Amino acid sequence: MEKTYKLTGMKCEGCVKTVTEKLESVRGVHDVNISLAEGKAVITGTPFLLSLKRALKGTPFTIDKA
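Be aware that the sequence shown starts at -16, since it is given in this note's numbering, and climbs by one per residue.
Okay, here's the thing in structure tokens:
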């Protein structure tokens, strides 16, 4: 399953790399594609939104439903 999420707090490609790595570590995530310009992430898999939010806890980044 593929879902689109809204991301905030990203300012550069380094941010994209960090967020990608953190989201890829979540159980159920198979693939992560992030658009810095659009502030969106397309995630393939079956993760829970709460798990995605926990993966970004302690960072300046947030994820939510698009």
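Don't be surprised by glycine CBs; every beta carbon is placed ideally from N, CA and C.
Quick caveat, the model's predicted, so the values are computed rather than measured.
Straight-line CA distance for F44 to M(-16)?
Taking the sequence shown and counting its residues from 1, the one referred to as residue 44 is at position 61. Taking the sequence shown and counting its residues from 1, the one referred to as residue -16 is at position 1. About 23 Å.
Please report the Cβ distance between G22 and K(-14), rounded to the nearest whole angstrom; I am assuming they are in contact, meaning their Cβ atoms lie under 8 Å.
Numbered from 1 along the sequence shown, position 39 holds the residue referred to as residue 22. Numbered from 1 along the sequence shown, position 3 holds the residue referred to as residue -14. Not really, about 15 Å apart at Cβ, beyond 8 Å.
Can you round the beta-carbon distance between L35 and V9 to whole angstroms, since I take them to be within the 8 Å contact cut?
Counting from one through the sequence shown, the residue named residue 35 turns up at place 52. Counting from one through the sequence shown, the residue named residue 9 turns up at place 26. Confirmed, about 6 Å.
Between which two residues does the alpha helix (DSSP H) carrying T118 extend?
With the chain covering -16 to 49 only, the question about residue 118 has no answer from this structure.
Thinking just about the alpha-carbon of each residue, which of L19, G41, K(-6) and H13 is nearest to the one in F51?
What the structure shows of the chain is the stretch from -16 to 49, and residue 51 is not part of that stretch, so it cannot be assessed.
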